[in-house]
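Using the working numbering, the first residue of the sequence shown is number 1463, and each one after it goes up by one. Reading through the structure tokens given below for one structure.
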Amino acid sequence: MKKFRDFDIPFAGLKQGEHRFGYHIDNRFFESFGYTDFNGASLDVTVVLRKKSNLLELEFEVSGTVNVYCDLSGEPFDQEIGGNLELVVKFGEDYNDENEEILILPHGEHQVNVAQYIYEMAVLAVPAKKVHPGIEDGSLDSEIVRKLSELQPGSSGKDDKKETDPRWDSLKKLLTDK
């Protein structure tokens, strides 16, 4: 975890109350986790630590853009993301991070590393279906988009007369609604 040393928050010397920490995240951060789905990233993360006498409350907020490939056209674009995460840090006998909302640190710990939580929050903030804004507003002109619109049902160049199988025509006579 030496590569994530910048994400250690030393809480032992802090007074009780609210403390803010800010981070700027780029693509190297995600590559160090082995995550290669982003072409680029420019994210700002704010961590608000509320220190109380027997626990810590961490509130994470991320905003910015990640460059990803469109699921429909394959074109790269900047996807805006935003998200937040709340984490409660308690103290106990052993380290335990099984619960996603509660982290238990051993007594005597003096810092908490937040890199994993920032990573998970940012990756989960990206929509499951990534669609280029140019597809939504019709301004994207690419070979793939032209081919998709050409292959779209109902947009063929043939005449609109639908020829049906004569076997189905006999069955259609049984319909009482028509």
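Virtual Cβ for every residue (Gly too), placed ideally from N, Cα, C.
- Unbroken beta strand (DSSP E) runs of no fewer than 3 residues, entirely contained in the segment 1482–1555, are found at 1502–1513, 1518–1531 and 1538–1554, following chain order.
- The beta-carbon separation of L1565 and D1559, rounded to 5 Å, stays under the 8 Å limit for a contact.
- Annotation: the continuous beta strand (DSSP E) that includes V1574 extends over Q1573 to N1575.
- Between the C-alpha atoms of W1630 and P1615 there is a straight-line separation of about 21 Å.
- Per DSSP, reduced to three states, the secondary structure at G1570 is coil, with no helix or strand assignment.
- Per DSSP, D1470 is one residue of the beta strand (DSSP E) stretching across D1470 to P1472.
- The alpha-carbon separation between L1586 and Y1579 amounts to approximately 11 Å.
- A distance of 8 Å or more separates the beta carbons of L1511 and H1486.
- For F1466, the closest C-alpha among the options N1516, Q1478, E1493 and Y1531 is that of E1493.
- Following the DSSP letters along the chain, one finds K1592 in no alpha helix (DSSP H), marked with neither H nor E.
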